[in-house]
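Just so you know, the sequences run in chain order A and B. Residue numbering for the first sequence is -14 to 102, as defined by this note's numbering. Residue numbering for the second sequence is 7 to 774, as defined by this note's numbering. Just so it is clear, CB atoms sit at the ideal spot from N, CA and C, and this is done for glycine as well. Predicted model only: the values in this text are computed from it and were never measured.
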Amino acid sequence: MILVNVLGVLLIALIVWWFWLYQPQATDLGASELTIVVENGTYQPARIQVPANQSVVLSFLRKDSSPCSETVLFPALKLSETLPLNKVKNITLPAMQEGEYDFHCQMQMYRGRLLVV
Amino acid sequence: MAKAVRHQDKHGKADAEKQRCHDGMEQQQELLIQGASCAGCVKKIEAALQSVPGVTHAEMNFAQRTVSVEGAVDASILIKAIEQAGYGAQTQSADSDDDALEEKEKADRAYYKRLMLEMTIALGLGVPLMIYGLLIGEMTVTTTTERIAWLLVGLLTLGVMLFSGKHFYVGAWQSCKNHSANMDTLIALGTGTAWLYSMVVVFFPQVVPDMARHVYFEATAMIIGLIDLGLALELKARGRTSEAIKRLIGLQPKTARVIRDGNDMDIPIEQVRLHDLVRVRPGEKVPVDGEVIEGHTAIDESMLTGEPMPVEKAEQDEVVAGTINKTGSIVFKATRVGKDTALAQIIGMVKRAQNSKPPIGRLADVIAAYFVPVIMMIAIVSALAWLNFGPEPAVAFAVVSATTVLIIACPCALGLATPMSVMVGVGKAAEAGVLIRNGEALQTSSKITAMILDKTGTITLGAPKVTDIVTVDGVDEAGVLQQVASLESGSEHPLALAVVESAKERGIKPLAVTGFNAIAGHGVEAVVEGKNLLFGNEKLMKDQGVALDDFVDKAQQLAAEAKTPMYFAVDGRLAALIAVADPIKEDSIAAIKRLQHNGIRVVMLTGDNRATAKAVAEKAGIKEFFAEVLPEDKSKKVQELQMQGEVVGMTGDGINDAPALAMANVGFAIGTGTDVAIESADITLMRGSLHGLADAIAVSKATLRNIKQNLFGAFIYNIAGVPVAAGLLYPFFGLLLSPVIAGAAMAFSSLTVVTNANRLRLFKTREH
């Protein structure tokens, strides 16, 4: 029983670390050839590094028919866009200051983050 | 003062945002490139575009062979520059809203069909299993025969999981790899736990206590089936929430009849170019915005403005895309096409507003961001608690409680609560001719306690009109109007224009005039049909020796009603008294009453003198007014009310009221679909009627109420559902939730939210 309890506590610690504490590597937006695929409840890649103080274009390709994947919102930028199915949609973001900016679907089930450096 | 500064900050940001959106709309273009095969081509094309005067930035996406160009330069010039660099280019065949909508509906239909099939398969297994469990036998594993039978059922369930629930498992895995958790994570964990536990019971019954040898295959199949059903029904209900946008898009015709090289030709709407000549016949829709250059007609603009009366259009008048030509045939010059038409901008604005969140919605955002991992931890704690302190069979209780917690906790209803209501609310307002710019304006409108109304053009028509013609006994009114209109037909004075306009409205034609003489500051004189006519103020009459008798009293009475009286004499004898005033709009009084009835303090603001202001305010039923206010001081009056603790709405007719509109908590612009009005106010009333204000506030209050109901509903599923699922009520009432019930609750929580949001579609603005 003690083993089960220890396992349970370890599992909780793992959840905290995996979902909150661990900082996965961000994908660099690079030479604007990066396409963010919207599929299976996720944005891939979901952490994207973009340069500060300059306008950037993000390309989204939605492959998921679920209606909640249809809209992508950038709350801090007061921006929301509709993503067509199986077509690339370019979204131009204004120049941003350094920091982290979330983007997500209407239900907040699809979540991503921009790391502006 | 601090409050005022805060308002300024808020609006400063909002203005920057408005400007950015506006700039973005005008200056960003996307072109398709042909012939680019290497990174060198990218540099060459970008350099060619950057050398075009007016281009501020050009960036090519090599992977997609598109180039994004910023700067107010015509696409044809950009294409030429690219061609000179040795490549081909064309404008993006930007899908029309209509096509995009059609495609979306097609995709939605396919998705719905798939979900229904998945649901049928899952429930096809789950329902008989559940009925068996409830009516015939216990779902336990004791004998070898039972083990074999349940193994087969377990494999069938696995098939259901792979066919009907694959998207949950793949989504959960992808999401987990990305260090995030979502709805799929909870469903996959919940159903996976139930199935794995059941398979352990089937394969290794000896490791599980006798009492806990229970299988939960029916729960797995039912949960997957019910959630698929919930998603399908939600998809259907969602489709209805965007009715307003569909209707707006439906207003756009697909083709236009343009005149090129002297010939009429029907072409797709996307191919209409600026300055094209477009012919519209009676009964047809106006395809793009333009200026009439030939013909005369009446146009029904009700779909855009809510105004039921057709509007007369002649040369130099503007026509707007989407409106219906009623009577005559016209030719107009296209002044705005494609995404620049007023209708396209309105559709864009409604779409943007529908996707923006009011401050109340951000609460749900914060919760949703942390919810799933927290629920996973609660499920573990609950399972441990049952294992350590629960009655026998503790293992079975632990599995049931953990599974149920995971399933019931899905926060997607929480995420939907706000956007669904905003979508319907903003659409509802748009149908009433009220364009709400964003979620924040929608929410703040519901809290307005004081409404400032600009007088001219807002409460009144903004154009002087003849209000009274008092004739001397025996003198014919129409005859007087004809003579005065003839006399004034050469004058450009606003009061003269009002008389001429009044005669035109009654179909009276002017007569020939000779000996016209304008007496500065007094009036005019001339000879018409051999009679000496004199039209002007009291002083002019006295100077000319015309006896005014008791008409002086009448004139004073008219002046007290904020009207300007003028005398008319024929051959030295008084014939009539004509009063001109800027009349109060027909429905202003009723609309103001509606506002006051809803507890809103209505205040009038005007640059006019006190007497005129008092007369207009009294007539409009307004008790408070600010008179003789200079345009630059209007915003100070807004501040004054804010200092008194009021949440202030300011209504004006556009550019000169802009600072006051920005200072107010919510700025309402009276507009007729022009860019400035659409871009400068928090809320734009497309028709001139002040009923739009009461409508906007009513819609805003109804939407906020709807959002609160949705949030309450969504929270109840989670806040009440999770502790019950964890078994908190078990020690007191012996109550433990079944995973199947949790699955149904989760599936229908989103449906409840979307259905409740759709209820808002039935809201009638005028009844409030």
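**Asked** In its own chain, which residues sit with a C-beta less than 7 Å from the C-beta of residue 32 of chain B, not counting the 5 before and 5 after it?
**Response** In this predicted model, residue 32 of chain B has a pLDDT of only 42, less than 50, meaning its place in the structure is not dependable enough to derive any value.
**Message:** Beta carbons nearer than 7 Å to chain B: which residues of the segment -13 to 4 of chain A have them?
**Reply:** -11, -10, -7, -4, -3, 0, 3 and 4
**Item:** contact_flag[the segment 207 to 217 of chain B, the segment 398 to 409 of chain B] where n(CB pairs < 8 Å) is 3 or more
**Value:** yes
**Asked** Is it the case that the Cβ atoms of residue 247 of chain B and residue 426 of chain B are separated by a distance below 7 Å?
**Response** The Cβ atoms of residue 247 of chain B and residue 426 of chain B sit closer than 7 Å to each other.
**Prompt:** Nearest chain B C-beta to residue 6 of chain A closer than 7 Å, yes or no?
**Reply:** So, not an interface residue.
**Prompt:** Of all the CB atoms in chain A, is at least one closer than 7 Å to the CB of residue 762 of chain B?
**Reply:** no
**Asked** Based on Cα-Cα distance, which residue from B:490, B:266, B:758 and B:124 lies nearest to residue 174 of chain B?
**Response** B:124
**Prompt:** Are the C-beta atoms of residue 38 of chain A and some chain B residue less than 7 Å apart?
**Reply:** no
**Message:** Any beta carbon of chain B sitting closer than 7 Å to that of residue 91 of chain A?
**Reply:** The beta-carbon of residue 91 of chain A is placed less than 7 Å from the nearest beta-carbon of chain B.
**Request:** Measuring only between beta-carbons, confirm whether residue 50 of chain A sits less than 7 Å from chain B.
**Result:** yes
**Request:** Just list the beta strand (DSSP E) runs in the segment 118 to 202 of chain B, keeping only unbroken ones of 3 residues or longer that don't cross its boundaries, in chain order.
**Result:** none
**Request:** Grab me the residues of residue 436 of chain B's own chain with a C-beta within less than 6 Å of its C-beta, minus the 5 sequence neighbours each way, in chain order.
**Result:** 250 and 356
**Asked** Do residue 43 of chain A and residue 73 of chain A come within 7 Å of each other at the CB atom, strictly closer than that value?
**Response** no
**Prompt:** Using a C-beta cutoff of 7 Å, does residue 755 of chain B count as contacting chain A?
**Reply:** no
**Prompt:** Can the beta-carbon of residue 296 of chain B be found closer than 7 Å to that of residue 341 of chain B?
**Reply:** Closer than 7 Å, so yes.
**Message:** By the three-class DSSP mapping on this structure, what secondary structure does residue 559 of chain B have?
**Reply:** helix
**Item:** Euclidean distance between Cα positions of residue 381 of chain B and residue 92 of chain B
**Value:** 59 Å
**Prompt:** Cβ of residue 81 of chain A less than 7 Å from any chain B Cβ?
**Reply:** Among the CB atoms of chain B, none fall inside 7 Å of the CB of residue 81 of chain A.
**Asked** Do we get a CB-CB distance below 7 Å when we pair residue 35 of chain B with the residues of chain A?
**Response** no
**Message:** Quick check on residue 776 of chain B: buried or exposed, where buried means 16 or more other Cβ atoms within 10 Å of its Cβ?
**Reply:** The question about residue 776 of chain B has no answer, for chain B in this structure spans 7 to 774.
**Request:** Output the boundary residues of the beta strand (DSSP E) element that contains residue 303 of chain B.
**Result:** 303 to 306
**Prompt:** Taking Cβ positions, are residue 589 of chain B and residue 471 of chain B nearer each other than 7 Å?
**Reply:** yes
**Message:** According to DSSP, simplified to helix, strand and coil, what is residue 58 of chain B?
**Reply:** coil
**Item:** Among B:328, B:283, B:383 and B:447, the one whose alpha carbon lies nearest that of residue 358 of chain B
**Value:** B:447
**Item:** residue 28 of chain B (DSSP reduced to helix, strand or coil)
**Value:** Here the model assigns residue 28 of chain B a pLDDT of 39, short of 50, so the residue's position is not dependable, and the following value carries that caveat. Of the three classes helix, strand and coil, the one that applies to residue 28 of chain B here is helix, per DSSP.
**Request:** For residue 406 of chain B, collect the residues of the same chain with a Cβ closer than 7 Å to its Cβ; drop the 5 residues on either side in sequence, then sort them by chain order.
**Result:** Taken in chain order, the residues that qualify are 742 and 745.
**Request:** Give a yes or no on contact between the segment 568 to 588 of chain B and the segment 465 to 482 of chain B, applying the rule of three or more CB pairs nearer than 8 Å.
**Result:** yes
**Message:** Once the 5 residues before and after residue 75 of chain A are set aside, which same chain residues still bring their CB inside 6 Å of it?
**Reply:** So the list reads 42 and 44, once near-sequence residues are dropped.
**Request:** To the nearest angstrom, report how far apart residue 530 of chain B and residue 515 of chain B are at their CA atoms.
**Result:** Roughly 19 Å between the two C-alpha positions.
**Beta-carbon separation (whole angstroms), residue 771 of chain B vs residue 438 of chain B, contact threshold 8 Å** = 5 Å
**Residue environment, residue 738 of chain B, which counts as buried when at least 16 other CB atoms sit within 10 Å** = By the neighbour-count rule (16 or more Cβ atoms within 10 Å), residue 738 of chain B is not buried but exposed.
**Message:** Going by DSSP in three states, residue 35 of chain B sits in which element: helix, strand or coil?
**Reply:** strand
**Request:** Report yes if the CB atom of residue 186 of chain B is closer than 7 Å to the CB atom of residue 96 of chain A, and no otherwise.
**Result:** A distance below 7 Å separates the beta carbons of residue 186 of chain B and residue 96 of chain A.
**Request:** Would you mind telling me which residues of chain A sit closer than 7 Å to residue 383 of chain B, beta carbon to beta carbon, in chain order?
**Result:** Those within 7 Å of residue 383 of chain B in chain A are -3 and 0.
**Request:** Using a Cβ-Cβ cut-off of 7 Å, state whether residue 101 of chain A counts as contacting chain B.
**Result:** no
**Which of helix, strand or coil DSSP assigns to residue 665 of chain B** = helix
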